[in-house]
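Engineer: Please find one structure pasted underneath; my questions will follow.
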Amino acid sequence: MHQARLSSRSSCHRILLSGLLLCATAFPARAGKYAGEFLELGVGARGLGMGQAMTAVTDDAYSFYWNPAGLALVNRRSVSGMAASSFGELSDPLASTMQVGFTMPVGLANLALNYLRFSVTDIPRYPSYPDAAYSFAERRRLIEENGGEPLGSFEDVEQALFFSFAKLNELTLNFGWLYREIPMRIPVGANFKVIQNELDGHKAQGIGADAGIQVQFSLDDLITLSGLGDLCLAARFENFTNTGLEWDVGEDAINYNHVYGFAWKRRFENLGVVLSQDIDHRYETVHRTGLELDWKSRVRVRTGTLGRQDRWTYGAGFMFRDLSVDYAGFDHDLGRVHRLSLVYHL
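For the sequence shown, the residue numbers in numbering that gives the first Met the number 0 are 0 to 345.
Spelled out as structure tokens, the structure:
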């Protein structure tokens, strides 16, 4: 009985999810606002654990997503990988996301290649009885004859390949008061991405680009006080080339978006603190907040809020030698989301 209820609930969730996906395919002109939605899911457990407030924080292999400028702060070759189950049971999630990537310094710059894949499988397919072709009585009779059972299933697969470039710039800014100079680090970066979607036999392809910048400096240098920590101001510009998706049933576009963020970092002997906030403008102005505490730069705990969704996220991670392991999750109306990510420094 319990298993039957779980199966029924999972089926209902898959139907709901499939309805949303089919709307994007059947009515591409109307779905532009939400085209490429899988790219909004984020990558890496650290980012989710901090409520996705990562624009000014990111400094590892997952920076290609949060802010490509952060890739400039990776000083060793890195291999990254992520697995995420979204909505439903761990053994049978409604959706799955995976990512693999490689980042490496090349001369005075850093290059990265990342692959991201989102999929929903076993989406029930039900027959369509349009009003224009069937009367109410005929539709009811056909549904009863079919017994309400699906006529098979289909899947949704959405993929993206990211080529990234980043460079670290360092300069000293002289404001002129008290002859005080402020050293700054200004990483910049950009992505070129290829997107491919497939939904129930319909296919789409598109290309796009993102860019980002961070400005990092010490508050101790800016203000004549010690122990104030470091501040980072950042911005990222998503799909600034008006990313297009060409379906075999029409055309679509992924809307341009810009995100501003700041982060404050302070170390108290063995304890490190990071507080961050992002302001996202894709649909409406949304504020995301994140907090990270670390012990001796080895063990970390995180929490954050996802803005308009008003949901708390949580996460933890540890670093052992050259391996970093992180977990994050949050609760959604469709079920719990789990994310596990790894970074190995070569």
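Just so it is clear, CB atoms sit at the ideal spot from N, CA and C, and this is done for glycine as well.
Give the straight-line distance between the Cα atoms of N109 and F161, rounded to the nearest whole angstrom.
Structural biologist: In a straight line, the C-alpha of N109 is about 14 Å away from that of F161.
Engineer: When the distance is taken between beta carbons, is T304 closer than 7 Å to G48?
Structural biologist: Not a contact, by the Cβ cut-off of 7 Å.
Engineer: Please state the DSSP three-state secondary structure of N145.
Structural biologist: Of the three classes helix, strand and coil, the one that applies to N145 here is helix, per DSSP.
Engineer: If you measure between the beta carbons of M81 and G50, is that distance less than 7 Å?
Structural biologist: No, the Cβ-Cβ distance between M81 and G50 is not below 7 Å.
Engineer: What are the boundary residues of the beta strand (DSSP E) that F346 is part of?
Structural biologist: Nothing in the structure corresponds to residue 346, since the chain is present only between 0 and 345.
Engineer: Classify E154 as helix, strand or coil using the three-state DSSP reduction.
Structural biologist: Strand.
Engineer: Between which residues of its own chain and G31 is the CB-CB distance below 6 Å, once the five residues before and five after are set aside?
Structural biologist: The predicted model places G31 with a pLDDT of 49, which falls under 50 and marks its position as unreliable, so this point remains unresolved.
Engineer: Measuring straight from C-alpha to C-alpha, what distance separates A165 and T240?
Structural biologist: Going by the C-alpha atoms only, they are around 18 Å apart.
Engineer: Using only alpha-carbon positions, find the residue among M183, G188, T57 and D309 that is nearest to R287.
Structural biologist: Of the candidates M183, G188, T57 and D309, the one whose C-alpha sits nearest the C-alpha of R287 is D309.
Engineer: Quick check: the Cα distance between A111 and A68, rounded to an integer number of angstroms?
Structural biologist: The alpha-carbon atoms of A111 and A68 are separated by roughly 12 Å.
Engineer: Roughly how many angstroms lie between the CA atoms of A23 and L93, to the nearest whole one?
Structural biologist: Residue placement at A23 cannot be trusted, given a pLDDT of 47 that sits under 50; what the coordinates show is reported in the next sentence. For A23 and L93, the distance between alpha carbons rounds to 18 Å.
Engineer: What ranges does the beta strand (DSSP E) occupy inside the stretch 274-302, keeping only unbroken runs of at least 3 residues that lie completely in it?
Structural biologist: Qualifying beta strand (DSSP E) stretches, in chain order: 285-294.
Engineer: Classify S79 as helix, strand or coil using the three-state DSSP reduction.
Structural biologist: It is a strand residue.
Engineer: Could you check whether R265 and V258 sit closer than 7 Å to each other, using their CB atoms as the reference points?
Structural biologist: No; because the gap between Cβ atoms is not below 7 Å, this pair is not in contact.
Engineer: DSSP three-state label for L72, please.
Structural biologist: The answer is helix: DSSP assigns L72 an H, G or I state.
Engineer: Measuring alpha carbon to alpha carbon, tell me which residue in Q204, A233, G205 and A210 is nearest F216.
Structural biologist: If we check each option's Cα against that of F216, A233 comes out closest.
Engineer: Leaving out five residues on either side along the sequence, give the residues of the same chain with a beta carbon under 6 Å from the beta carbon of K192.
Structural biologist: These residues qualify, in order along the chain: A159, F161 and G207.
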